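Numbering of the sequence shown is given in the working numbering, commencing with residue 48 and proceeding in unit increments. Glycine is no exception: its CB is placed at the ideal position from the N, C-alpha and C atoms. All values derive from a computational prediction rather than experimental measurement.
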Amino acid sequence: MPKMMREIKAGTREVSHNISYEILAASWLMQEGWEVYMPLLDHHKTDILIAEGQRYYRIQVKTVASDTQCIENKWKDSSIHYVLVFVRKNEVGSEFFGCVMPAFSENTRRLDHKEHYSFKSKTQFLKAFRKLPAP
């Protein structure tokens, strides 16, 4: 098996790691049957756009460290419908958990807020996603 021999810059590694979670979420949604689109630019704060017929939903994906207690609202004044947060340990390939929620207007919100649905697997994510209220 090939082995990576060159060192990757810390910033590049972090961006790659975060984008990998966006791709993971997109694949889970595709497997559920959603039409999934990924904008080329993050200008509108939309990481994933999903559709069912003429209904479209904008999703912001965040990746945070395992010691994070709150999520910062970085999508204010945008048309985001839902936020998906992956909470990961610091090492690559480590276990993660996450939560999915309707977009909120506060500056910050605790990850364990009553309107957030947590998950530890694809199956749990899809169950949690189905519980979200329609915008």
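One or two residues paired with residue i in a DSSP bridge
i: M77; result: According to DSSP, which records beta bridges pairwise, M77 is partnered with nothing at all.
i: E82; result: A98
i: E61; result: Answer by DSSP bridge pairing: none, since E61 is not bridged.
i: I66; result: Paired residues: none, contrary to the question.
Buried or exposed by the 16-neighbour rule on C-beta atoms within 10 Å, applied to residue i
i: Y104; result: buried
i: G145; result: buried
Three-state secondary structure (DSSP) of residue i
i: I55; result: coil
i: S165; result: strand
i: T155; result: strand
i: I106; result: strand
i: A175; result: helix
i: L131; result: strand
i: A150; result: coil
i: A112; result: strand
Closest residue to residue i among the options (Cα-Cα distance)
i: A98; options: S168, A73 and T170; result: A73
i: V147; options: H160, L131, D159 and K161; result: L131
i: P86; options: L173, K169, I106 and T59; result: I106
i: Y129; options: S152, G58 and S63; result: S152
i: K109; options: Q101, R102 and W122; result: W122
i: N120; options: V111, V134, P149 and N154; result: N154
i: A181; options: H160, K169, R156 and A150; result: A150
i: K185; options: S126, A175 and S67; result: With the chain running from 48 to 182 in the structure shown, residue 185 is simply not present.
i: V134; options: I95, H64 and L96; result: H64
i: E69; options: K50, H160, S126 and K92; result: K92
Residue i CB to nearest heavy atom of the ligand SAM below 7 Å
i: L88; result: This structure simply doesn't include the ligand SAM, nor any ligand for that matter.
Cβ contact check for the region 78-88 and the region 108-120: 3 or more pairs under 8 Å: Judged by Cβ distances under 8 Å, the region 78-88 makes no contact with the region 108-120, as fewer than three pairs qualify.
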